[in-house]
Amino acid sequence: MRICWKSCSGASIAAMQKRHAFSFLFYTLLTITPAYARTAPAAAPANTTTRRQGSAESNVYPMQEGFVDAHGVMIYYKILGRGEPLMIVHGGPGASHDYFLPYLLPLTRHNKVVFIDERGSGRSQKREERSGYTVENMVEDVEMVRTSLNLGKINLLGHSYGGALAQAYALKYQRNLSHLILGSTWSSTITMNQVLLRMKQNMAPELRERIDRMEAAGLFGHGKEYEKNRYTAEYMIAAWGEGYFPYLYQNRPDPNYDPIGQGTSAWDLYREMWGEHGEFVIDGNLKSVEYTDRLASIKVPTLIVVGDHDECDPSLSQVMHDKIDGSKLLILPKAGHMTFVDQTALFIAGVDQFLHAK
-16 MRICWKSCSG ASIAAMQKRH AFSFLFYTLL TITPAYARTA PAAAPANTTT
34 RRQGSAESNV YPMQEGFVDA HGVMIYYKIL GRGEPLMIVH GGPGASHDYF
84 LPYLLPLTRH NKVVFIDERG SGRSQKREER SGYTVENMVE DVEMVRTSLN
134 LGKINLLGHS YGGALAQAYA LKYQRNLSHL ILGSTWSSTI TMNQVLLRMK
184 QNMAPELRER IDRMEAAGLF GHGKEYEKNR YTAEYMIAAW GEGYFPYLYQ
234 NRPDPNYDPI GQGTSAWDLY REMWGEHGEF VIDGNLKSVE YTDRLASIKV
284 PTLIVVGDHD ECDPSLSQVM HDKIDGSKLL ILPKAGHMTF VDQTALFIAG
334 VDQFLHAK
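Numbering (our numbering), first residue to last: -16 to 341.
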């Protein structure tokens, strides 16, 4: 999925919106921005040092980074900002925190932002045994980072696969959460696979047939020795370039996006968790992500964010919103899966207002 980079059907969104009409709790975009613009920065929490506004010191945001030994796996972390801790977990599976930057930097003005690279990803330690790459183990890694850094209760934001990880963490450790933010994610792999199938069926016939041929021939073991553990360049271009791009970005596409360049992730991890049969079916151990029926047990304040053209179909977010009592649903207009790239100001405003509303 590479940061859950797959597409949702525009027709499915329209049908879903028609069914629910204005029953969506939009956390209304037209009012968020003006309200946020008028709102003074949140007061510093009691356990933080207040810096004099306008001083030279108040303009400096030092960065702290290091590693936490989480059950024998070294997990990379990076801390920026001040305020209550906001831990952010990335997608992929197998990407890194880097894709959040520089877009989420404004959150550091009011939050102590803690980025991590999940086990096997980015700067964190890789494992020789693929079987250790599971959602359950990554939940324990998040908890070890929280306790080792003495963060106390945290706000937790997960994007794409990171949203599934955040749900799993909340289902086990919600006593350690103040707020939960689920971005462009899913709570049922069965349902997500239906979205992926529908997306593939809605492709142009030539593209779909080309992808089908490559998947039928097997996606791994081709080319030179160093290429055999990953998709071919032809498949990356077809799936992530031609197939996904409109569902990644709508308003402000990344000018540096390169579907082949995205293929530098942790392939052993990706094949173990996502699966080995292509971008349009999850058949790895992420099949364990079937949380929908348990979401009602989540009692912490929850914000669900999704783009109106997100590859993680907005109907998936509606299900989570319906199940988590008191949750807020924010659907960003003209936004694909990379909501915080397409609509940076609205994303930042929505998250900050949710976390700091009185």
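We treat Cβ as the ideally placed atom computed from N, Cα and C, and that holds for glycine. Quantities reported herein were computed from a predicted structural model and do not represent experimental measurements.
Starting from the C-beta of residue i, find all residues in its chain whose C-beta is less than 6 angstroms away, skip the five residues before and the five after it, and write them out in chain order.
i           : result
residue 107 : 58, 59 and 100
residue 70  : 97, 137 and 139
residue 48  : 61
residue 166 : 142, 146 and 288
residue 270 : 172
Which stretch, first to last residue, makes up the alpha helix (DSSP H) that contains residue i?
i           : result
residue 126 : 118 to 131
residue 195 : 188 to 199
residue 46  : Looking at the DSSP string, residue 46 is not in any alpha helix (DSSP H); the run it does join, the beta strand (DSSP E), is 46 to 53.
residue 355 : One cannot answer for residue 355 here, as it falls past the ends of the chain, which runs -16 to 341.
residue 203 : From DSSP, residue 203 is part of no alpha helix (DSSP H); its letter is neither H nor E.
residue 336 : 327 to 339
residue 216 : 216 to 219
residue 229 : 228 to 231
Out of the options, which one is the CA nearest neighbour of residue i?
i           : options               : result
residue 158 : 131, 172, 126 and 146 : 126
residue 198 : 264, 169, 224 and 289 : 264
residue 262 : 214, 275 and 268      : 214
residue 294 : 321, 331 and 326      : 321
residue 52  : 227, 121, 77 and 207  : 121
residue 277 : 249, 151 and 76       : 151
residue 160 : 299, 310, 285 and 118 : 285
residue 78  : 141, 201, 326 and 202 : 141
residue 332 : 90, 191, 176 and 135  : 90
How many whole angstroms separate the CB atoms of residue i and residue j, which I take to be in contact at a CB cut-off of 8 angstroms?
i           : j           : result
residue 273 : residue 173 : 7 angstroms
residue 64  : residue 95  : 5 angstroms
residue 56  : residue 113 : The Cβ separation is near 13 angstroms, so there is no contact.
residue 283 : residue 162 : 6 angstroms
residue 76  : residue 218 : About 18 angstroms; that fails the 8 angstroms criterion.
residue 102 : residue 116 : 7 angstroms
residue 203 : residue 255 : Contact doesn't hold; Cβ gap of about 13 angstroms is too wide.
residue 311 : residue 337 : 7 angstroms
Suppose the cutoff is 7 angstroms on Cβ atoms and the five residues either side in sequence are ignored; what does the same chain contact list for residue i look like?
i           : result
residue 324 : 86, 232, 235 and 237
residue 23  : Residue placement at residue 23 cannot be trusted, given a pLDDT of 34 that sits under 50; what the coordinates show is reported in the next sentence. Closer than 7 angstroms at the Cβ level, and outside the excluded window around residue 23, lies no residue.
residue 275 : 170, 171, 302 and 306
residue 193 : 221
residue 45  : none
residue 250 : 212 and 213
Within its chain, find whatever has a CB closer than 8 angstroms to the CB of residue i; leave out the 5 residues flanking it on each side and keep chain order.
i           : result
residue 220 : 242 and 243
residue 342 : In the structure displayed, the chain extends from -16 to 341; residue 342 sits before or after that span and is not available.
residue 54  : 120, 123, 124 and 127
What are the boundary residues of the beta strand (DSSP E) that includes residue i?
i           : result
residue 141 : 137 to 142
residue 166 : 160 to 166
Determine, using beta carbons only, whether residue i comes closer than 7 angstroms to chain C.
i          : result
residue 57 : Here chain C cannot be found, since the structure has a single protein chain.
| Start-end ranges of the beta strand (DSSP E) lying completely within the stretch 59 to 122, minimum 3 residues | Fully enclosed beta strand (DSSP E) runs of 3 or longer: 67 to 72 and 94 to 100.
| message | My parser needs the alpha helix (DSSP H) runs of 4 or more residues fully inside the stretch 286 to 315; what are they? | response | DSSP runs (the alpha helix (DSSP H)) wholly in the stretch 286 to 315: 297 to 306.
| task | Mind listing, in chain order, the continuous beta strand (DSSP E) runs of no fewer than 3 residues lying wholly within the stretch 235 to 270? | result | Counting whole runs of 3 or more residues, the stretch 235 to 270 contains no beta strand (DSSP E) stretch at all.
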